[in-house]
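When the letters of the sequence shown are read in order and numbered with numbering that gives the first Met the number 0, they come out as residues 0 to 312.
Where a beta carbon is used, it is the ideal one built from N, C-alpha and C, also for glycine.
Just so you know, these numbers come straight off a predicted model, no measurement behind them.
Input: a single structure, listed below in structure tokens.
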Amino acid sequence: MKKLSLVIPVYNEEASLPALFERTFPALDKLNRPYEVIFINDGSKDKSIDLLKEQHAKRPEQVKIIDFNGNFGQHMAIAAGFEKVTGDMVVTMDADLQNPPEEIARMVEKFEEGHDVVGTVRANRDDPFYRKFFSKIVNITTNKITGLKIHDYGCMLRLYSRHIADIIAESGEGTTFIPAFAQKYASNPTEIDIAHSRREKGESKYSFFRLISLNFDLMTSFSMVPLQFITISGMLISGLSFLFAVFLIIRRLIIGPEAEGLFTLFAIMFFLMGVLISAVGIVGEYIGRIFKEVRKRPKYVIKKEYGISDGKA
Ligand code: UDP
Ligand code: MG
Numbered sequence: 000m001k002k003l004s005l006v007i008p009v010y011n012e013e014a015s016l017p018a019l020f021e022r023t024f025p026a027l028d029k030l031n032r033p034y035e036v037i038f039i040n041d042g043s044k045d046k047s048i049d050l051l052k053e054q055h056a057k058r059p060e061q062v063k064i065i066d067f068n069g070n071f072g073q074h075m076a077i078a079a080g081f082e083k084v085t086g087d088m089v090v091t092m093d094a095d096l097q098n099p100p101e102e103i104a105r106m107v108e109k110f111e112e113g114h115d116v117v118g119t120v121r122a123n124r125d126d127p128f129y130r131k132f133f134s135k136i137v138n139i140t141t142n143k144i145t146g147l148k149i150h151d152y153g154c155m156l157r158l159y160s161r162h163i164a165d166i167i168a169e170s171g172e173g174t175t176f177i178p179a180f181a182q183k184y185a186s187n188p189t190e191i192d193i194a195h196s197r198r199e200k201g202e203s204k205y206s207f208f209r210l211i212s213l214n215f216d217l218m219t220s221f222s223m224v225p226l227q228f229i230t231i232s233g234m235l236i237s238g239l240s241f242l243f244a245v246f247l248i249i250r251r252l253i254i255g256p257e258a259e260g261l262f263t264l265f266a267i268m269f270f271l272m273g274v275l276i277s278a279v280g281i282v283g284e285y286i287g288r289i290f291k292e293v294r295k296r297p298k299y300v301i302k303k304e305y306g307i308s309d310g311k312a
């Protein structure tokens, strides 16, 4: 029987955790296969860690905890979990029960059919309107820019084969967006529809600005298109102004000078500005690449681990 590892990032979720335990463990027991649940406490300031420790005491074999030294973000928490998983398949899930843990069974079925990544699309997504609208734009543009095909980047109830989880854990990238990363290396991905409900307890951990920054991570870590866009617009501007300058020269020869050469000056100015912007874009491309290479900060810092053995199975 293939073993399942469930990875759950937890950030100030004391209100959601009791219900999470109540539904998740029975759903996992029903699968009739060995499993482990790795909780990553992402620097919660509430009682989350105590609640997790209680569960670890109750089920020391199955419940493992990685306690972060601070808040490093949902995706880093998941990456830390991936480094410690021992199962053959890895499922990620949010702690807030917006996606039903009972659906894990259907994802496992897909895995058994031979899919190495099982993504999910939130059917009847029940979130505030602005979040849905924003997600739509992000899903469409990100697919265009990265060349990936994921219908719902935001839904984190996903299954990965151990092989894919290992690739993600070993990549060592500091800013990464796990669903996109997995899709990139998957050989046989699939997607299923999944139920979604509004958050019942606690609040969303993503403010508007945090969402923007997360999506910026998503775009910049998977393509150079934003930078290339600057370069190309710079080139376009210089091309157009060049044509404008030619037009002005011809006009001057045929009709004579316009208002003391003012517009000729404009044309030259615009041309130079275009050149400048493309130059900044090109330099930016290089800096972007160098930046990616040199940034070797620790991705996260672990305070303590519970139930995690050093040798990976
Ligand atoms: N989370 C985390 N660290 C963070 C932000 C969120 O570990 O810095 C966890 C959070 O506890 C939850 C999951 O990531 O389990 C998704 O967060 P949330 O439900 O707030 O996001 P939303 O559903 O609003 O997109
Ligand atoms: Mg949520």
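Three or more beta-carbon pairs separated by less than 8 Å link the region 235-248 to the region 268-282, which places the two stretches in contact.
By the Cβ rule, the region 132-149 counts as touching the region 216-230, because three or more pairs are nearer than 8 Å. If you draw a straight line from the Cα of residue 17 to the Cα of residue 94, it is about 10 Å long.
Selection around the ligand MG by beta-carbon proximity, strictly under 7 Å to any non-hydrogen atom, yields 93, 95, 97, 198 and 203 in chain order. In the DSSP annotation of this structure, the continuous segment of the beta strand (DSSP E) that includes residue 66 starts and ends at 62-67. With distances taken between CA atoms, residue 12 lies nearest to 97 out of 97, 32 and 300.
According to the DSSP assignment, residue 8 belongs to the beta strand (DSSP E) that extends over 3-9.
Rounded to whole angstroms, the gap between the alpha carbons of residue 127 and residue 207 is 12 Å. With 16 or more other Cβ atoms inside 10 Å of its own Cβ, residue 41 counts as buried. Collapsing the DSSP output to three states places residue 17 in a helix. Of the candidates 65, 198 and 91, 91 places its Cα closest to the Cα of residue 4. Around the beta carbon of residue 56, fewer than 16 other beta carbons sit within 10 angstroms, so the residue counts as exposed.
Remark: the shortest separation between the CB of residue 8 and any heavy atom of the ligand UDP falls under 8 Å. Assigned with DSSP and collapsed to three states, residue 165 falls in helix. Taking C-beta atoms as the reference points, residue 2 and residue 87 count as a pair closer than 9 Å. Using a 10 angstroms sphere on the CB of residue 285, the tally of other CB atoms stays under 16, which defines it as exposed. In this structure, residue 299 has its beta carbon at no less than 8 Å from each heavy atom of the ligand UDP.
By the C-beta density criterion, residue 170 is exposed, having fewer than 16 other C-beta atoms within 10 angstroms.
Taking the Cα positions, residue 160 is about 59 Å away from residue 265.
Within the region 116-149, the complete alpha helix (DSSP H) segments of 4 residues or longer fall at 128-145, listed in chain order. Annotation: residue 88 is outside any alpha helix (DSSP H); the continuous beta strand (DSSP E) that includes it extends over 88-91. The beta carbon of residue 115 lies closer than 8 Å to those of 159, 160, 162, 163, 185, 186, 187 and 188 in the same chain, with the five residues before and after it left out. The alpha-carbon of residue 202 is positioned some 14 Å away from that of residue 210.
Nearest in C-alpha terms to residue 82, of all of 0, 298, 68 and 168, is 168. Between the ligand UDP and the CB of residue 61, the shortest heavy atom gap is not smaller than 8 Å. The straight-line gap separating the alpha-carbon atoms of residue 287 and residue 132 is approximately 29 Å. Restricting attention to 63, 283, 289 and 118, the CA atom closest to the CA of residue 191 is found in 118. With a minimum length of 4 residues, the unbroken runs of alpha helix (DSSP H) contained wholly in the region 172-238 fall at 177-184 and 207-221. In summary, residue 104 is exposed, with fewer than 16 beta-carbon neighbours lying within 10 Å of its beta-carbon over all protein chains present.
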